[in-house]
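2 protein chains.
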Amino acid sequence: MTSSPSSLDAAQLGAYFALIEASSLLKHAVEQQLREAGDLSYVQFQLLATLGDSPTGSRRMTDLADGVVYSRSGLTYQAQTLEKRGLVTRTPSSDDERSITVTITEEGRAVLAGVFPGHVAILGDLLFAPLSRSDIETLADILGRARDHMRQTPPRSAEPRRRRKAAGS
Amino acid sequence: MTSSPSSLDAAQLGAYFALIEASSLLKHAVEQQLREAGDLSYVQFQLLATLGDSPTGSRRMTDLADGVVYSRSGLTYQAQTLEKRGLVTRTPSSDDERSITVTITEEGRAVLAGVFPGHVAILGDLLFAPLSRSDIETLADILGRARDHMRQTPPRSAEPRRRRKAAGS
DNA sequence: GCCATATGCTTCGGATTCGAAGCAACTGAA
DNA sequence: TTCAGTTGCTTCGAATCCGAAGCATATGGC
Numbered sequence: 001m002t003s004s005p006s007s008l009d010a011a012q013l014g015a016y017f018a019l020i021e022a023s024s025l026l027k028h029a030v031e032q033q034l035r036e037a038g039d040l041s042y043v044q045f046q047l048l049a050t051l052g053d054s055p056t057g058s059r060r061m062t063d064l065a066d067g068v069v070y071s072r073s074g075l076t077y078q079a080q081t082l083e084k085r086g087l088v089t090r091t092p093s094s095d096d097e098r099s100i101t102v103t104i105t106e107e108g109r110a111v112l113a114g115v116f117p118g119h120v121a122i123l124g125d126l127l128f129a130p131l132s133r134s135d136i137e138t139l140a141d142i143l144g145r146a147r148d149h150m151r152q153t154p155p156r157s158a159e160p161r162r163r164r165k166a167a168g169s
Numbered sequence: 170m171t172s173s174p175s176s177l178d179a180a181q182l183g184a185y186f187a188l189i190e191a192s193s194l195l196k197h198a199v200e201q202q203l204r205e206a207g208d209l210s211y212v213q214f215q216l217l218a219t220l221g222d223s224p225t226g227s228r229r230m231t232d233l234a235d236g237v238v239y240s241r242s243g244l245t246y247q248a249q250t251l252e253k254r255g256l257v258t259r260t261p262s263s264d265d266e267r268s269i270t271v272t273i274t275e276e277g278r279a280v281l282a283g284v285f286p287g288h289v290a291i292l293g294d295l296l297f298a299p300l301s302r303s304d305i306e307t308l309a310d311i312l313g314r315a316r317d318h319m320r321q322t323p324p325r326s327a328e329p330r331r332r333r334k335a336a337g338s
């Protein structure tokens with residue numbers, strides 16, 4: 001119907017800015033806490049948390065990358081870093097020779113447990129403090145729907161299409 | 170009731186994850202569009218947009234950094250990059266010799282204008298499509314409050330300096 | 001079997017990022 | 001004035017990040 005208007009109304013602009021700013025500010029604060037408490041970057045924390053959340057404590061590289069919205073090469077780098085620190089192990093999968101299974105170690109779980117209380121405290125102070133219980137539920141609902149939609153919407157240019165650069169340079 | 174429990178309940182966890190994931194996914198998608206449409210990184214876009222939004226088209230370095238949640242050194246780098254491309258100018262302030270005033274150029278505005286429609290389209294497709302008007306307003310309200318709270322809350326322990334802002338001086 | 005294609009991960013090169021340290025200009029007080 | 005402390009920005013070094021290209025395995029069609 002209303003084919004994409006070329007600008008945003010006040011509410012849309014407000015929602016967009018608030019989303020970006022709030023997530024940036026939060027991430028920034030969390031990053032510092034993680035660095036101090038366990039010398040972890042945010043991505044590393046996300047990886048460990050994802051692994052710790054799995055019943056088996058392990059995941060394939062690709063699934064990890066998708067879960068954390070991270071590039072493959074970047075994940076390789078972080079997985080190697082975490083392995084050097086002994087927080088995860090990486091073993092070739094038995095089914096598929098190409099596939100690598102990443103597993104969190106006991107020490108990885110220990111580090112995770114060490115940073116977690118501070119992490120939760122930051123969230124409480126910064127994100128949840130000014131929000132009511134109902135706000136939080138509403139937020140989870142709305143952003144959850146947005147996230148699900150984005151996850152199932154194919155990236156506009158993700159398809160290996162021929163990029164016709166028909167422009168005079 | 171901020172008794173800071175050591176773990177999060179389901180709603181909190183959902184809100185937190187949804188916030189992080191949604192902003193990551195959105196940022197990722199927008200980044201690609203900006204790169205293709207105007208060879209801009211997300212930060213560069215934010216800087217140009219901030220400048221373009223100003224009545225005078227200019228801001229001080231520090232204010233830019235605070236607005237975009239960016240480190241000073243990182244901003245210096247990007248400001249130089251943008252200046253090389255002719256999208257902004259940097260001139261010493263007249264009041265304060267230390268201060269640098271960054272101003273968007275006509276070409277900067279042109280690039281911004283070139284990128285904007287696609288940007289808005291992505292937002293519409295990915296973020297706003299699954300949300301109702303009321304959802305969007307609610308989102309702006311809740312996240313706006315969270316952002317304002319975070320902006321006025323000083324970093325927890327990362328305050329090695331005496332920052333006694335004696336009110337009334 | 002044999003080849004073309006797809007998939008999973010890594011390597012490589014270059015861009016971006018941050019914190020700490022440094023420099024220069026401002027401020028207030030004695 | 002002079003000095004100590006503050007503020008604004010840059011430089012430096014190191015870490016992190018991504019996309020493209022590369023390598024190896026897997027899979028389907030013949």
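Chains as they are written, first to last, in our numbering: chain A, 1 to 169; chain S, 170 to 338.
Ideal Cβ placement from N, Cα and C applies to all residues, glycine included.
Contacts between tyrosine 16(A) and chain S, judged by CB atoms closer than 8 Å, involve Leu292 and Leu296 in chain order. Among the residues facing chain S, isoleucine 104(A) is not included, as its CB has no counterpart in that chain under 7 Å away. In the DSSP assignment, serine 58(A) forms a beta bridge with Thr103(A). In the DSSP assignment, proline 261(S) is bridged to Ile269(S). When secondary structure is reduced to three states using DSSP, threonine 153(A) falls in the coil class, being assigned neither helix nor strand. Where arginine 204(S) is concerned, the enclosing alpha helix (DSSP H) starts and stops at 179-207. The three-state secondary structure of alanine 298(S), taken from DSSP, is coil. Under the three-state reduction of DSSP output, serine 134(A) falls in the helix class. Contact annotation: alanine 18(A) and arginine 316(S) have beta-carbon atoms nearer than 7 Å.
Proximity of the stretch 219-226 of chain S to the stretch 287-300 of chain S falls short of the contact definition, fewer than three beta-carbon pairs being nearer than 8 Å. The alpha-carbon separation between glutamate 252(S) and serine 227(S) amounts to approximately 13 Å. The continuous alpha helix (DSSP H) containing tyrosine 211(S) extends over residues 211-222.
In the structure shown, the three-state DSSP call for valine 69(A) is coil. Under the three-pair Cβ rule at 8 Å, the stretch 189-209 of chain S does not count as touching the stretch 230-247 of chain S. Per the coordinates, the alpha-carbon of valine 271(S) lies some 48 Å from the alpha-carbon of glutamate 107(A). CA-to-CA, the gap between phenylalanine 297(S) and aspartate 264(S) works out to about 44 Å. Between alanine 180(S) and glutamate 137(A), the C-beta gap is smaller than 7 Å, which places the two residues in contact. When secondary structure is reduced to three states using DSSP, glycine 255(S) falls in the coil class, being assigned neither helix nor strand. Chain A has a Cβ within less than 7 Å of the Cβ of arginine 314(S). Residues of the stretch 230-244 of chain S with a C-beta atom less than 7 Å from some C-beta of chain A are Val238, listed in chain order. By the rule that beta-carbons nearer than 7 Å mark a contact, glutamine 181(S) touches chain A. Here tyrosine 246(S) is exposed. Its C-beta has fewer than 16 other C-beta atoms within 10 Å.
Aspartate 304(S) reaches chain A at Ile142, counting residues in chain order whose Cβ is nearer than 7 Å. Any Cβ of chain S closer than 7 Å to the Cβ of leucine 112(A) would place that residue at the interface, and such an atom is absent. The beta carbon of glutamate 21(A) falls within 7 Å of a beta carbon belonging to chain S, placing the residue at that interface. Interface with chain S (7 Å Cβ-Cβ cutoff): histidine 119(A) is excluded. Contacts with chain S at 7 Å (Cβ-Cβ) include serine 24(A). For a Cβ distance threshold of 8 Å, nothing in chain S lies close to threonine 91(A): the least Cβ distance comes to about 28 Å. Looking at the backbone, the Cα of leucine 194(S) and that of tyrosine 70(A) are separated by about 10 Å. Excluding five sequence positions before and after glycine 236(S), the CB atoms of its chain that fall closer than 6 Å to its own CB belong to Thr219, given in chain order. Listed by position along chain S, the residues whose Cβ is nearer than 7 Å to that of serine 6(A) are Pro286 and Val289. No Cβ of chain S is located within less than 7 Å of the beta carbon of leucine 34(A).
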